[in-house]
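Chains Y and B, in that order, give the protein sequences. Under this note's numbering, the first residue of the first sequence carries the number 3, and numbering increases by one thereafter. Under this note's numbering, the first residue of the second sequence carries the number 879, and numbering increases by one thereafter. Every residue gets a Cβ at the ideal spot worked out from N, C-alpha and C, and that includes glycine. Because the structure is a prediction, the values reported are computed rather than measured. Everything below concerns the one structure shown next.
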Amino acid sequence: GEDVEQSLFLSVREGDSSVINCTYTDSSSTYLYWYKQEPGAGLQLLTYIFSNMDMKQDQRLTVLLNKKDKHLSLRIADTQTGDSAIYFCAERGYSSASKIIFGSGTRLSIRP
Amino acid sequence: NAGVTQTPKFQVLKTGQSMTLQCAQDMNHEYMSWYRQDPGMGLRLIHYSVGAGITDQGEVPNGYNVSRSTTEDFPLRLLSAAPSQTSVYFCASTPLGTGELFFGEGSRLTVL
Chain Y
3 GEDVEQSLFL
13 SVREGDSSVI
23 NCTYTDSSST
33 YLYWYKQEPG
43 AGLQLLTYIF
53 SNMDMKQDQR
63 LTVLLNKKDK
73 HLSLRIADTQ
83 TGDSAIYFCA
93 ERGYSSASKI
103 IFGSGTRLSI
113 RP
Chain B
879 NAGVTQTPKF
889 QVLKTGQSMT
899 LQCAQDMNHE
909 YMSWYRQDPG
919 MGLRLIHYSV
929 GAGITDQGEV
939 PNGYNVSRST
949 TEDFPLRLLS
959 AAPSQTSVYF
969 CASTPLGTGE
979 LFFGEGSRLT
989 VL
C-alpha cells in the first residue's frame, strides 16, 4: 500500500535554511502536500505541488519534487522561531481525492 | 465561518464503552475523512467518504464505524472502546480539486 516516510526531528539555527525531506511509495500520486501543526492545534496546509511539477516557490518556502526517486523536500529560508512546529508530508493517489496518506511528521526546532 | 466542527473536544471512556465523535462541515465539501494522531506515527487514516452514502476504509479501520447520511455530517463510532484507541482524532473535509484538507480542532480521547 501507500507509505510516506520522514525523519522525526530537525534542529536548525535561527536565520539558517531548514530542509525537511520526505519519501513516498505511490507512483500514481497526483498531489503532494506539506502541512504544518503548531502545538495543541490542528494541521494547516502550507503548500502543495502537483505531480507534473518539479519545483514550486512561495515566499520563504520552496518545494522540490523528484518523481523518479519519489522524493519530496520542503525548504524554509531564513528560519524563524515562529517556524517551530511539526511538518507533515502527505500524498494523494490517483484513485481518490479523499484518501490522503500522511508521513509521521518532522518536528522542527530552532536554536538561537 | 465555522468550517469543520468536532465534538467533544475531550472524552474519557472506560474499556468496553461506546461513543460517537461528531463531525460537521458547512463548506459543502464532498469528501470527508477521519484520522487519528499518535506520537511518532503521524496521522493515520481511519475511514473516508467521497460523498453522502459512500464510505470506505483507510489504513486503520478496525474498531471504528462511520456513516455519511448527509454531506455535512460524518460521525465516527467506537462500538467497544479499547485502551489502544487512546489518541487524538481529527476530522477533515476536502473540496473537489487540489484535495486540500480542512481540519477540525481535534478530539482527545482517553480509554482507561
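Outcome for Y:Val2 when other beta-carbon atoms lying within 10 angstroms are tallied against a minimum of 16: Outside the modelled stretch of chain Y, which goes from 3 to 114, sits residue 2 of chain Y, for which no answer is possible.
Contact set between Y:Arg94 and chain B, taken where Cβ atoms lie within less than 8 Å: Gly977
Minimum Cβ-Cβ distance from Y:Gly105 to chain B less than 7 Å: Chain B contact via Cβ: present.
Short CB-CB distance (under 7 Å) between B:Gly894 and chain Y: no
Rounded C-alpha distance that separates B:Ser962 from B:Gln884: 21 Å
Continuous beta strand (DSSP E) assignments of at least 3 residues falling wholly in the stretch 45 to 98 of chain Y: Counting only runs that start and end inside the stretch 45 to 98 of chain Y, the beta strand (DSSP E) elements of at least 3 residues fall at 45 to 52, 57 to 60, 63 to 68, 73 to 78, 87 to 94.
Beta-carbon proximity check, B:Arg955 vs B:Thr898, cutoff 7 Å: yes
Y:Ser29, buried or exposed, once every other Cβ within 10 Å from all chains shown has been counted against 16: exposed
Partners in chain Y for B:Glu983, counting only beta-carbon separations shorter than 7 Å: Chain-ordered, the chain Y residues with CB closer than 7 Å to the CB of B:Glu983 read Gly44.
Closest by C-alpha distance to B:Leu987, when choosing among B:Ser927, B:Glu937, B:Ala959: B:Ala959
Three-state class that DSSP yields for B:Gln963 in the structure shown: helix
Beta-carbon spacing of Y:Thr49, Y:Leu63 below 7 Å: yes
Per DSSP, the bridge partner or partners of B:Thr883: B:Ala902
Short CB-CB distance (under 7 Å) between B:Leu921 and chain Y: yes
B:Gly941: contacting residues in chain Y (beta-carbon distance under 9 Å): Near B:Gly941 there are no residues of chain Y at all, since even the closest Cβ is about 19 Å away, more than 9 Å.
CB contact check: Y:Tyr33 to chain B, cutoff 7 Å: yes
Listed by chain order, chain B residues near Y:Phe90 by CB distance under 9 Å: Gly920, Leu921
Spatially closest choice to B:Cys969 from Y:Ser106, Y:Met55, Y:Ala43, Y:Gly107, by CA coordinates: Y:Ala43
Cβ of B:Tyr967 within 7 Å of any chain Y Cβ: Between B:Tyr967 and chain Y, the shortest Cβ-Cβ separation is not below 7 Å.
Outcome for Y:Phe92 when other beta-carbon atoms lying within 10 angstroms are tallied against a minimum of 16: One point to set straight first is that residue 92 of chain Y is Ala, not Phe, in the sequence displayed. Residue environment for Y:Ala92: buried (at least 16 other C-beta atoms within 10 angstroms of its C-beta).
Cβ distance (whole Å) where Y:Val14 is taken to contact Y:Arg113 below 8 Å: By a beta-carbon distance limit of 8 Å, Y:Val14 contacts Y:Arg113. Their separation comes to about 7 Å.
Helix, strand or coil at B:Leu987 [DSSP, three-state]: strand
C-beta atoms of Y:Thr32 and Y:Tyr96 nearer than 7 Å: yes
Where Y:Lys101 sits in the DSSP three-state scheme: coil
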